[in-house]
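See below for the structure under consideration.
Number of protein chains: 2
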Amino acid sequence: MAKVDTSLVAHLPMFAGVKPDDLDEILREARSARYPRNTAIFEQGADAQSFFLLLHGHVRAAKTTPTGEQIVVRYVAPGETFGLAMAIGAAHYPATALAVDDSVVLIWPTSAWPRLVERFPALAANTMQTVGKRLQESHTRILEMSTQQVEQRVAHALLRLANQSGKKLDHGIEIDFPISRQDIAQMTGTTLHTVSRILSGWESQGLVESGRQRIILREPHKIVVLAERSPDSGAA
Amino acid sequence: MAKVDTSLVAHLPMFAGVKPDDLDEILREARSARYPRNTAIFEQGADAQSFFLLLHGHVRAAKTTPTGEQIVVRYVAPGETFGLAMAIGAAHYPATALAVDDSVVLIWPTSAWPRLVERFPALAANTMQTVGKRLQESHTRILEMSTQQVEQRVAHALLRLANQSGKKLDHGIEIDFPISRQDIAQMTGTTLHTVSRILSGWESQGLVESGRQRIILREPHKIVVLAERSPDSGAA
DNA sequence: GCGCGTTTTTGCGCTATCGCAAACTGCCTG
DNA sequence: CAGGCAGTTTGCGATAGCGCAAAAACGCGC
């Protein structure tokens, strides 16, 4: 198997406080793999046999209800881990992971985790931070869903995506991977119809430029205002 | 300070895999305190100087928006930890903790945490599990808020409370601490008015019996059906 | 036992958002 | 280059749930 270059991952939060030699040892336990766009990496409910670190591309983690509806749990950006089921004591993946763009990942077998944590306590600490951060983000999302209306939630969602995976252009910030109205609906707890209407509205105000699975924020600053305005203030 | 009886807490998830002598040492670092009903234990945004284990009573963790709206993050039952901000790398409490009933807690200084996890790795592992579980619960909650309507969410919320803190009576299951319509609204992302209407409806169908800050599930089984029925099925 | 503050109930209009259906667009395939 | 398909837009009701306001019920303290 091709050796992974240590210097490429040494700075990631996951490996903070890990000595170079140790990192080398950790990486030796991993293999890498490539997933083309629109291929599943793992399915909700499957045995959690591996955990992952995304090197390139973008991955969507989504949860499906018994009746088939989906919500997007999060989008994974390069440098982030996913599929950490075992770290939190789950035997099965609680969500489905899909490569939304051609993606390259490092894969460790779940079975290696206990040994790694024991030898490199920093790994455990870092993972704890990561999971904790995600917990807080979830709470924020719940708060938003409880107190804000759809337009504000969509604004927040896009700003987060821009922040996480935005590509600066001279005429705005482009979200750097294919994302549909449906996806945004599933991130904000609404329907693709409503998202479409909102984006159409913004487009006619020059706030965004958007096409098929493509969104560019032209006026991020004004979208921030939308995201933060209180339930009643201002209108068109 | 009164010594805490080891045998009372040894079986808790937090101390799984910790040897009795070690447990003794851990407990020596804690002090206990009593909070009367309706007193704050810590406030959102305050320095996370301590973390807690609830021994008796019930604690509500709630998050407040800049505009003053609140949501209930969770209710803490005896045996559970709360205020773990530091474990997840947060310097400030992300929520407010309020004793909703006379409560007794164990309190460790945040500063003791690094030493404790180093000496007793099982603590770190157990905490990881706990935080992971809460993350999954949050995701479930987001899923529900996205896909179910209010009545179903209220049904689920009450069933969870009954499960966590239900007291079996011969005529049903009583939720064992004071909880208002407003509280339930803040758990499910709706308004107290809507919760009141729903409970009135259930009451007239004999599904629940409720009063001021008091709820008894008379027909848990039928409420389960309500919670699970798909968006369109059956009606009155 | 009475008065008071809090919680709960309920009526009534309002509207944000859904849900369905149909038309449209742009891309990719053959 | 034509055809087909996935994604998007938009119109038009329908409605779940909100928000306000007022009344009622309850439990508490004096």
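Listed in order, the protein sequences are those of chains A and B. Residues in the first sequence are numbered from 1 upward in steps of one, following full-length UniProt numbering. Residues in the second sequence are numbered from 1 upward in steps of one, following full-length UniProt numbering. All C-beta atoms in this analysis are idealised placements derived from N, C-alpha and C, irrespective of residue type, glycine included. All of these numbers come straight from a predicted model, not from anything done at the bench.
Within chain A, partners of residue i - CB distance below 9 Å
i, result
"residue 152 of chain B", "What residue 152 of chain B touches in chain A: nothing, since even the nearest Cβ is about 11 Å away."
"residue 124 of chain B", "117, 121, 124, 125, 128"
Own chain partners of residue i with C-beta closer than 8 Å, once the 5 adjacent residues on each side are dropped
i, result
"residue 235 of chain A", "Confidence at residue 235 of chain A is low in this model, with a pLDDT of 40, below 50, so its placement is unreliable and the value that follows should be read with caution. Counting only Cβ-Cβ distances below 8 Å, and skipping sequence neighbours, we find nothing."
"residue 51 of chain B", "81, 82, 83, 84, 85, 86, 87, 107, 108, 110, 113"
"residue 29 of chain A", "108, 109, 112, 116"
"residue 229 of chain B", "152"
"residue 220 of chain A", "159, 162, 172, 173"
Pairwise C-alpha distance: residue j and residue i
i, j, result
"residue 137 of chain B", "residue 218 of chain A", "36 Å"
"residue 22 of chain B", "residue 120 of chain B", "8 Å"
"residue 153 of chain A", "residue 6 of chain B", "47 Å"
"residue 213 of chain B", "residue 12 of chain B", "29 Å"
"residue 32 of chain B", "residue 56 of chain B", "11 Å"
"residue 188 of chain B", "residue 150 of chain B", "7 Å"
"residue 199 of chain B", "residue 60 of chain B", "21 Å"
"residue 211 of chain A", "residue 190 of chain B", "34 Å"
"residue 54 of chain B", "residue 40 of chain A", "42 Å"
"residue 48 of chain B", "residue 133 of chain A", "16 Å"
"residue 206 of chain A", "residue 78 of chain A", "30 Å"
"residue 245 of chain B", "residue 103 of chain A", "With chain B running from 1 to 236 in the structure shown, residue 245 of chain B is simply not present."
"residue 145 of chain B", "residue 37 of chain B", "30 Å"
"residue 94 of chain B", "residue 227 of chain A", "21 Å"
"residue 222 of chain B", "residue 74 of chain B", "24 Å"
"residue 67 of chain B", "residue 201 of chain A", "26 Å"
"residue 18 of chain B", "residue 18 of chain A", "27 Å"
"residue 20 of chain A", "residue 167 of chain A", "31 Å"
Residues that residue i contacts on chain A, provided the C-beta gap is smaller than 8 Å
i, result
"residue 90 of chain B", "132, 136"
"residue 129 of chain B", "88, 89"
Sequence-distant residues of the same chain with beta carbon closer than 6 Å to residue i, five excluded per side
i, result
"residue 161 of chain B", "175"
"residue 123 of chain B", "116, 117"
"residue 192 of chain A", "181, 182, 185"
"residue 14 of chain A", "81, 126"
Reference residue i, options the options, closest by Cα
i, options, result
"residue 34 of chain B", "B:61, B:97, B:105, B:101", "B:105"
"residue 24 of chain A", "A:9, A:229, A:63", "A:9"
"residue 16 of chain B", "B:196, B:209, B:128", "B:128"
"residue 76 of chain A", "A:69, A:98, A:67, A:70", "A:98"
"residue 72 of chain B", "B:37, B:180, B:199, B:203", "B:180"
"residue 63 of chain A", "A:78, A:54, A:44, A:141", "A:44"
"residue 126 of chain B", "A:144, A:74, A:102, A:90", "A:90"
"residue 142 of chain B", "A:69, A:202, A:27", "A:69"
"residue 92 of chain B", "B:20, B:46, B:166", "B:46"
"residue 96 of chain A", "A:74, A:42, A:67", "A:42"
Any non-hydrogen atom of the ligand ADP within 7 Å of residue i CB
i, result
"residue 219 of chain B", "Looking at this structure, you won't find the ligand ADP or any other ligand, since it has none at all."
Within chain B, the residues that residue i reaches when beta carbons sit closer than 9 Å
i, result
"residue 189 of chain A", "142, 145, 146, 147"
"residue 69 of chain A", "143, 146, 147"
"residue 63 of chain A", "139, 140, 142, 143"
Proximal residues of chain B, C-beta to C-beta of residue i below 8 Å
i, result
"residue 94 of chain A", "136, 139"
Neighbour list for residue i in chain A, Cβ cutoff strictly below 7 Å
i, result
"residue 19 of chain B", "Residues of chain A passing the Cβ test: none, with the nearest at roughly 17 Å."
"residue 73 of chain B", "139"
Spatial neighbours of residue i in its chain, beta-carbon cut-off 7 Å, leaving aside the 5 residues before and after
i, result
"residue 157 of chain A", "184, 187, 188"
"residue 195 of chain B", "154, 181, 184, 185"
Nearest-angstrom Cβ-Cβ length linking residue i and residue j, presumed shorter than 8 Å
i, j, result
"residue 147 of chain A", "residue 140 of chain B", "That belief does not hold up - the Cβ atoms of residue 147 of chain A and residue 140 of chain B are roughly 19 Å apart, past 8 Å."
"residue 225 of chain A", "residue 177 of chain A", "Wrong, their Cβ atoms sit about 26 Å apart, outside the cutoff."
"residue 135 of chain A", "residue 208 of chain B", "Rounded, the Cβ-Cβ distance is 31 Å, inconsistent with contact."
"residue 204 of chain A", "residue 58 of chain A", "Contact flag wrong, Cβ pair sits at about 29 Å."
"residue 169 of chain A", "residue 215 of chain A", "No, residue 169 of chain A and residue 215 of chain A are not in contact; Cβ-Cβ is about 12 Å, not under 8 Å."
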